[in-house]
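Note that this note's numbering has the sequence shown beginning at 290, numbered continuously upward.
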Amino acid sequence: MGSAILELKQIERSYRQGADRLTILQDADFSLTPGEMVALVAPSGAGKSTLLHLAGLLESPDAGEIIIGGKACGRLSDDARTAIRRNEIGFVYQFHHLLPEFTAEENVMIPQLVTGMAPAEAKIRALQLLDYLRVGHRASHRPTELSGGEQQRVAIARAVANAPRILLADEPTGNLDPVTAGYVFDALEALVRQSGLAALIATHNHDLARRMDRVVTLEGGKVIPFKH
């Protein structure tokens, strides 16, 4: 598996709540290596989304450091963090957030076009990803014409369109029935194994969590192994 692509070191994160401070993460450490799938299982309010936001450079820690590809990123400017997110990190959420006026193919092309890729090249990659995720036959359909499972597989294709090294997913199967959730997870797992992506996936689904390389949880503001 090699060395870590993502490291969180001694992370502190708290929020002001009225006159009080609510501590979410305290001296939290976590690392993720290429090709590894890690499940994050914790109760609502424990800080799962905060951890994902920090790992994805959407928030900055109060203390500690976020290291991506060996580079300290926690204190970078907004523009620098945006550039790393665009090139290194893919996001998948519980709701697909596809742009409704565009087709599946166009939704996957857009992040590539933003980085300056030629439209013809972006189209080829979009179709390859949609085929790989078994929704290639739906490439010309808009999101409202797709099933929930198809929408989420298109969202995964969009998340990896720019060949990121890290995939962060927040309840990616949370809106799906168990059978469809299994299909979507199968597609996601195949993609991670094939591409060497490093994936951190927050989920309440313990069956899916058990299929990953390891399971962690949040307790007392720290990231610890989950005890089944």
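Idealized CB from N, CA, C, for every residue including glycine.
Remark: three or more beta-carbon pairs, one from each stretch, lie closer than 8 Å, so the segment 372-384 and the segment 456-467 are flagged as touching. Between the segment 359-377 and the segment 484-495 there are fewer than three inter-stretch CB-CB distances shorter than 8 Å, so the stretches are not counted as touching. Nearest to L497 by C-alpha distance, out of L465, L507, V512, E508, is L465. Around the Cβ of L340, a 10 Å sphere holds 16 or more other Cβ atoms; the residue is buried. The beta-bridge partner set that DSSP reports for D459 consists of A491. Taking every protein chain shown into account, the CB of T371 has fewer than 16 other CB atoms within 10 angstroms, so this residue is exposed. When the alpha-carbon of A448 is set against those of L418, M501, G358, the nearest one is in L418.
A contact is defined here as three or more CB-CB pairs under 8 Å, and the segment 341-358 fails this definition with respect to the segment 416-431. CA-to-CA, the gap between Q440 and E395 works out to about 13 Å.
With fewer than 16 other beta carbons inside 10 angstroms of its own, T433 counts as exposed.
Annotated three-state conformation of F391 is coil, per DSSP.
In this chain, the beta strand (DSSP E) harbouring F380 covers 378-381. A buried status is given to G438, since no fewer than 16 other beta-carbon atoms sit within 10 Å of its beta-carbon. Under DSSP, S366 shares a beta bridge with no residue. In this structure, the CA atom of R500 is about 15 Å from the CA atom of P514. The DSSP-derived three-state label of K412 is helix.
For S484, the enclosing alpha helix (DSSP H) has its first and last residue at 467-484. For I300, the CB contacts under 6 Å within the same chain, skipping 5 residues up- and downstream, are L314, A317, P350, G353 in chain order. By the Cβ neighbour-count rule, L343 is buried, with 16 or more other Cβ atoms within 10 Å of its own.
Within the same chain, and ignoring the five residues on either side of E296 in sequence, the residues whose Cβ sits closer than 6 Å to its Cβ are S320, I356.
Nearest Cα to R427 within the set A446, A409, E410: A446. By DSSP's assignment, K511 forms a beta bridge with E508.
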